[in-house]
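Student:
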Amino acid sequence: MDFARGEAQLTELEKAFGLYAGTSYLRALGYSWRIELDPTTSWFDSFWERALRQTDSLVRCCASGALDKYFIGFASKALEVRRLYVRGDIIASVWKARELLPLLDGVRKYANIYPEMQFLLGLYEYYIGYFARNYPIMRPILRVFPPGDEERGLERLVRCAQDTLNYTHIEAAYFLGYIYLYQAQRPELAERWLRRLSGQFPSNPLFRRMWAESLYQLKRYAEARAVVQPWLQAYEAACDKPPCYLIWSRYPTAEAVQAYALVGMSFREENRYAEALDAFGRMDTLLSKLRRFPAPVWARLMREAALLEKRMGRTAAAEKRMEALRARDDVPSYLKGPLPE
């Protein structure tokens, strides 16, 4: 979370040794993490794009080794794919991933030598397999990609995450938590990785909230609230006039929105409806302060709040949320279906 300090160190390295693709890529990675932590703002995008252009230029002109050419080249392009995915442009992200293909053979060639390459190849193999299995509409696009393998991709990520001597092991652990939580539906494995990350980086709200989500999925509702409520208390003390953005605060309103939703969901599952309503009400208030919010995440939160209203017998309120959700073209169709009973 100490992005300013990291950027200052990268600047000192470049002053001492000149421009290098590695420092340029790490600068772009810092902006990518800002986008991941606070996807409601686009303020970081122009800085991120400039760092990526510089990285690409340095790789093309001056790459002297396998890590420079293949790891940095592949990883910097993968950042753009990831940004599109976080913004909700899933099909665009897969289309953009075609730019990874010219570097894929080199990544495969060195994967058994460099754990960083294992990280990249693991992500590629998992997501190509995942999208091919779950998104039929993408299969025509995916025909140009070498086939993936979800299990093999996860095995590569685990090996990389366990090798703490390489600097991608934190990212590998994060993606394992993300995949197990949201895609592979293995919350017990997600909880293990996310608890570890939250222990290492207790001030990171994304790791903390995702850990709480894994506990929620395991039906450990009180524990889930206990994980996020201290951060929410700190958020309320630090952000007296929302919205707050990551550019000037460690407590972005976008994270508070999702944390309050999680608190509401946990109370709902314990049939503590009044407390759940309070939490979802605070979520709605904070959402109204934000000018933009990723459509798939917004839709998921609306469905969770609508489910509470449905269980309480407030059918009209639940249907009003669902009508707003279905009216948006940027919401994926699978989120527009009927609410569960």
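So the sequence shown is numbered by the working numbering: it starts at 3 and just counts up by one. Positions of the beta carbon are idealized from the N, C-alpha and C atoms, including for glycine. This structure is a prediction, so every number in the text was calculated from the model and none was measured.
1. Considering L15, what are the terminal residues of the alpha helix (DSSP H) in which it resides?
2. Does the distance from the CB of F177 to the CB of M119 come in under 9 Å?
3. Under the assumption that L81 contacts L21 (Cβ atoms under 8 Å), give the Cβ distance between them as a whole number of angstroms.
4. Tell me the DSSP secondary structure of N206 in three-state form.
5. Is the distance from the Cβ of W213 to the Cβ of E190 below 9 Å?
6. Please classify V333: does DSSP put it in a helix, a strand, or coil?
7. Could you tell me whether the segment 311 to 320 touches the segment 283 to 292, where touching means 3 or more Cβ pairs closer than 8 Å?
8. Given G266, which residues of its chain have a CB within under 6 Å of its CB, disregarding the five upstream and five downstream residues?
9. Check whether the Cβ atoms of S268 and R227 lie closer than 9 Å to each other.
10. Relative to the C-alpha of P334, which residue among A301, P340, E325, L310 is closest?
11. Please go through the same chain and pick out, in chain order, the residues whose beta-carbon is closer than 6 Å to the beta-carbon of W45, but skip the five residues on each side of it.
12. In the structure shown, what three-state DSSP assignment does I130 receive?
13. Just to confirm my understanding: we take R188, look at its own chain, exclude 5 residues before and 5 after, and list those with CB closer than 7 Å. What are they?
14. Using a Cβ-Cβ cutoff of less than 6 Å, which residues in the same chain neighbour D151 once the five nearest sequence positions on both sides are dropped?
15. Out of L217, P204, Q219, which has the shortest C-alpha to C-alpha gap to W233?
16. Give me the Cα-Cα distance between A262 and V160, rounded to the nearest whole angstrom.
17. Taking its Cβ as the centre, do 16 or more other Cβ atoms sit within 10 Å of A175, making it buried, or is it exposed?
18. Hey, would you say W50 sits closer than 9 Å to R85, going by beta carbons?
19. What distance in whole Å lies between the Cβ atoms of F209 and S200, which are believed to be in contact at a cut-off of 8 Å?
20. Three or more C-beta pairs under 8 Å: does that hold for the segment 162 to 170 against the segment 103 to 123?
21. Reducing DSSP to helix, strand and coil, say where A214 ends up.
22. Would you decide whether K71 is buried or exposed? Buried here means 16 or more other CB atoms lie within 10 Å of its CB.
Tutor: So, from the listed chains and residues:
1. Annotation for L15: the continuous alpha helix (DSSP H) segment containing it runs 5 to 19.
2. The Cβ-Cβ distance between F177 and M119 does not fall below 9 Å.
3. Contact between L81 and L21 is ruled out by a C-beta separation of about 18 Å, above the 8 Å threshold.
4. In the structure shown, N206 sits in coil (DSSP, three-state: anything other than H, G, I, E or B).
5. Between W213 and E190, the C-beta gap is not smaller than 9 Å, which leaves the two residues out of contact.
6. Reduced to three states, the DSSP call for V333 is coil.
7. Cβ pair count under 8 Å is below three, so no.
8. A278, A281, F282.
9. Closer than 9 Å, so yes.
10. Restricting attention to A301, P340, E325, L310, the CA atom closest to the CA of P334 is found in A301.
11. Once the five neighbours on either side are set aside, the close Cβ partners of W45 are I249.
12. Looking at I130 - three-state DSSP - the assignment turns out to be helix.
13. Only Y182 meet the Cβ criterion.
14. Same-chain partners within the cutoff: E127, G131.
15. Put simply, of L217, P204, Q219 the residue whose alpha carbon is nearest the alpha carbon of W233 is P204.
16. First, the residue type needs correcting, since residue 262 is Tyr and not Ala in the sequence shown. Near 31 Å, if we compare the C-alpha coordinates of V160 and Y262.
17. Under the 10 Å beta carbon count, A175 is surrounded by 16 or more other beta carbons and is classified as buried.
18. Cβ distance < 9 Å, so W50 and R85 count as in contact.
19. Indeed they touch by this definition, with Cβ atoms about 5 Å apart.
20. The way I'd put it, the segment 162 to 170 does touch the segment 103 to 123; three or more beta-carbon pairs between them come closer than 8 Å.
21. DSSP places A214 in helix when its eight states are reduced to three.
22. Buried is the label assigned to K71, since at least 16 other Cβ atoms lie within 10 Å of its Cβ.
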